[in-house]
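Visitor: Let me give you the structure first, and then I'll get to my questions.
Chains as they are written, first to last, in the numbering used here: chain A, 250 to 352; chain B, 250 to 352.
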């Protein structure tokens, strides 16, 4: 992973879904998440399974942006706005966002 | 960041400290966290600042292990056990652990 220097920011989200584990609805949602990688400015994108017994999340997502302006552009991109409004809010039962930069 | 294939696991922690922001005690704790990187099996270690307004954590830590057995060895290593017992429990006010693997 590139080090978080010069304003670089890592945006991570852990989440659980309203859909049953292994369901087609879960798979369809994860496919939709994976498509976020195509939004301009997204780097180092990974969609992962969350396995710690110390929390109730099921999936993790991480991506990086060169700087806060690129991150803002991602947040405001029509594809991201639509995804959040049309899918995230309805299909995610719990989540946490974490943004990290160089110490 | 290496992809999480073949049993590889990423261990991440977000946390806040009982110490005031920018204090010497905070700096000393972060130095102690940084020394965990020397424990055998730790890869891709990063200690970061957490900046999202959507949570109250202040710092983030991430590391990777080649497989669950290496992660267990880290957890059981005397330096890690001592760090948790002697420092983490006393100086961390809130934290969340997240472990991720390939989807």
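Heads up, the beta-carbon is just placed ideally off N, CA and C, and yes, glycines get one too.
Would you say residue 297 (chain A) reaches chain B, if we count a Cβ-Cβ gap shorter than 8 Å as a contact?
Guide: At least one chain B Cβ lies under 8 Å of residue 297 (chain A).
Visitor: Can you check the stretch 258-340 of chain B for any alpha helix (DSSP H) of at least 4 residues that lies completely inside it and give the ranges in chain order?
Guide: 273-283, 317-325 and 327-332
Visitor: Using 8 Å as the limit for Cβ to Cβ distance, is residue 358 (chain B) near chain A?
Guide: Past the edges of chain B, shown from 250 to 352, lies residue 358 (chain B), and the structure says nothing about it.
Visitor: State the Cα-Cα distance for the pair residue 285 (chain A) and residue 335 (chain B), rounded to the nearest angstrom.
Guide: Roughly 42 Å separates the two Cα atoms.
Visitor: Does the stretch 260-267 of chain A come within contact of the stretch 328-348 of chain A, defined as at least 3 CB pairs closer than 8 Å?
Guide: Segments in contact, yes.
Visitor: Looking at the structure shown, is residue 345 (chain A) part of a helix, part of a strand, or coil, going by DSSP?
Guide: Correct three-state label for residue 345 (chain A): strand.
Visitor: List, in order along the chain, the chain A residues whose C-beta lies closer than 9 Å to that of residue 253 (chain B)?
Guide: 295, 297 and 298
Visitor: Should residue 288 (chain B) be counted as a contact of the ligand COA given a C-beta to heavy atom distance under 7 Å?
Guide: Summarising the ligand content, the structure contains no ligands, and the ligand COA is consequently not present.
Visitor: Under three-state DSSP, which class holds residue 350 (chain A)?
Guide: strand
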